[in-house]
Ligand code: XMP
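Numbering (full-length UniProt numbering), first residue to last: 27 to 535.
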C-alpha cells in the first residue's frame, strides 16, 4: 500500500483516489503520525500532501523527520515538497505573487519520475511559497518559467518533491507521474481490485456475522443499495432491509426501491409507511434545522420499532464511506476530525444497541459506484443523484404540507425527466425542483392567477463542498418551465437558480 500524510490539503483525498486508479491500495494518515508507526504499517511509499500553511509559520503542520530515513520512497507534493526540503536542507521562500494556474514545465532530468513523458508538460500550480534554493543533496529535475525547482530528488535518499499538483485533471500527465512513482519508484504491484476487495469483505462479513441476523436501512441511494447487495451475497436470508417511507420521497420512489430490490435480491424487505407520522410532527415547523431535527428523531423511532419486529437481528449495516471515516476522525491513524457539514439523517445512533457493520468504509464514492455495477445493480441506480436524508422537506420552503408536497413532487419529476431526456443526467451532479413559499400573480386565459413559484436547481460539482450552477441550454429550461406551468396545477411561475456554492448552498434550506 501507499500512504498519504494529510497536511490539510483540499486534495489529499484526490491523491488517494488517483493512487487507487493505479490498482494500488492507498490510505490517508494524520500528518503527525510517528515514523515508528509508519514503519509498522509498512507501506511501499509515502506521499506528503499539499497544505495551506507556510513551512516556517508557527504551528505549521510538520511530519516526523525520521520518516525520511526509513528507506521508504517519499513524494512531497507542493507543501509536502517544501517540508522535505526544509527537513533535508534547502530554502523555502515566499514568492512575490501567488502562482495559481497552468504552467509549462520543462523536464531536464527524465529519470524515474518523468519516465516516458515528453520534455515539456502542462502542470497545475497552486502555491504561495516555493523552493528558492535546494541543498547540494538535491538535484533539480524540472522547472517552469517562474519556479526554478518545480521537481527535485534527493541524491542519496529515495525522496522526491514536486511543486505542482499531479492529482488534479489540469495536470494532464499527472496520472502518469503518479504511476511512475507508485509502480516505478515504489515497486507496488498493481493488484488492488474492487472485485477482490468485495470477495474479502464478503468473507469477513460471513465470519463476523456467523448465523446471526443483519438489518440494513434502504434509502434508494447508491450507498445503502450497494451495502444491501454486498450483504445479500455474503449472508443471503440472514439479511433484512427496512425502507422508511417518510412521505418526503420523490415521485414513485417507494415503488422504485421495491422494484429494484426485488429484481436483485430476495431478502426480507420491510416497508414502513410513516407519512402521517412525519407530516404530523412537521406541522407548523418552518425553521430548516428544526425540520431536520424532527425528521431525524422520527426516523430513529420508526426504524427502532420496525427493527424490533425482526428476530435474531444483532447487526446493523451502514453505508459509511471512506471520506466519512476520514472526516469524522474515526481512524486512529487518520487525520484529525474536521467539521462535518451535515449530520446524515440516515446515520443511526449507537443506542439502538446493534453492532455495526460498515462494509464500504474503505471506499470512495466512485469506487462504490463501480462496485455496485460489478454486483449487478442497474446503471440508473448506481448513478442516481444524491438525495438528502430529510428529503423534500428541505425543498418545500417554510411549512411542509401534504398539498405542497404534491405540487413539488410533480415539478421535481418534470425537471429530472427533462434533464434525462436531454442526456444531461450524468453530466449534472444534482438536479431538482424547489417549492418557494411565495405566491405571485399571473394570467391564464383571461383570468388572473395567484399561485406558487418553483425554482429549478441544477449543479455541477465533484465533491458537493463547492458547486457551480449547471449552464443548461435555454431550450431545456424553456421546456421545463412550460411543462411545469402547464402540467402542475397551482404553479404559474418558474425561475432558474444561478447561484454557485459558496456563497449559496446546493439545497435551499
Ligand atoms: P448543501 O445544501 O449544504 O448540500 O450545499 C450539500 C450536499 O448535502 C446534501 N444535504 C444533505 N444530506 N442530510 C443529508 O443526508 C441533510 O440534512 C442534507 N442537507 C444537504 C445536499 O443534497 C447536497 O448533496
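Even glycine gets a Cβ: it sits at the ideal position worked out from N, Cα and C.
Nearest candidate by alpha-carbon position, reference residue i, set the options
i, options, result
"residue 32", "417, 48, 102, 332", "102"
"residue 493", "468, 528, 506", "528"
"residue 479", "489, 469, 461", "461"
"residue 174", "187, 159, 180", "159"
"residue 24", "296, 183, 141", "Outside the shown range of the chain (27 to 535) lies residue 24, about which nothing can therefore be said."
"residue 403", "427, 290, 132", "290"
"residue 27", "42, 50, 328", "50"
"residue 87", "178, 71, 439, 58", "58"
"residue 110", "75, 135, 434", "75"
"residue 513", "437, 496, 530", "437"
"residue 389", "346, 358, 517", "346"
"residue 358", "117, 56, 223", "56"
"residue 330", "310, 305, 270", "270"
"residue 476", "450, 467, 483", "467"
"residue 177", "104, 426, 258, 376", "104"
"residue 39", "142, 353, 319", "353"
"residue 222", "535, 335, 401, 326", "401"
"residue 381", "412, 435, 342", "342"
"residue 431", "413, 35, 459", "459"
"residue 490", "418, 267, 414", "414"
Neighbourhood of residue i by C-beta, 6 Å cutoff - its chain only, sequence neighbours within 5 removed
i, result
"residue 91", "113"
"residue 521", "481"
"residue 80", "155"
"residue 396", "220"
"residue 408", "248, 395, 398, 399"
"residue 99", "71, 184, 211, 212"
"residue 463", "423, 424"
"residue 129", "149, 151, 170"
"residue 139", "186, 206"
Exposure of residue i, with buried meaning 16 or more beta-carbon neighbours within 10 Å
i, result
"residue 200", "buried"
"residue 366", "Any reading at residue 366 is ruled out, since the residue's pLDDT is 42, under 50, leaving its predicted position unreliable."
"residue 348", "buried"
"residue 276", "buried"
"residue 323", "exposed"
"residue 37", "buried"
"residue 181", "exposed"
"residue 316", "exposed"
"residue 170", "buried"
"residue 278", "exposed"
"residue 497", "exposed"
Element boundaries [alpha helix (DSSP H), containing residue i]
i, result
"residue 156", "Run containing residue 156: none in the alpha helix (DSSP H); it sits in the beta strand (DSSP E), 146-160."
"residue 61", "61-67"
"residue 222", "220-235"
"residue 32", "Element bounds for residue 32: not the alpha helix (DSSP H) but the beta strand (DSSP E), 28-32."
"residue 407", "405-408"
"residue 40", "38-46"
"residue 395", "391-400"
Same chain, Cβ closer than 7 Å to residue i, five either side skipped, listed in chain order
i, result
"residue 67", "29"
"residue 410", "247, 248"
"residue 227", "256, 385"
"residue 115", "161, 163"
"residue 61", "90, 92, 93, 96"
Chain-order list of residues whose beta-carbon lies under 8 Å from that of residue i (same chain, five-residue window excluded)
i, result
"residue 205", "48"
"residue 487", "455, 456, 493, 494, 527, 532"
"residue 44", "192, 193, 200, 201, 204"
"residue 132", "145, 146, 168, 169, 170"
"residue 509", "440, 444"
Where the beta strand (DSSP E) containing residue i begins and where it ends
i, result
"residue 520", "517-522"
"residue 53", "52-56"
"residue 381", "381-383"
"residue 205", "Note, residue 205: premise wrong, no beta strand (DSSP E); alpha helix (DSSP H) at 200-205."
Completely contained beta strand (DSSP E) runs for the region 71-131, where each covers 3 or more residues: Entirely contained in the region 71-131, the beta strand (DSSP E) runs reaching 3 residues are, in chain order, 71-74, 100-103.
Within the region 237-302, ranges of the beta strand (DSSP E) (whole runs, at least 3 residues): 239-244, 265-271, 294-299
Completely contained alpha helix (DSSP H) runs for the region 297-350, where each covers 4 or more residues: 301-308, 314-333
Minimum length 3: unbroken beta strand (DSSP E) runs contained in the region 430-513: 456-470, 473-486
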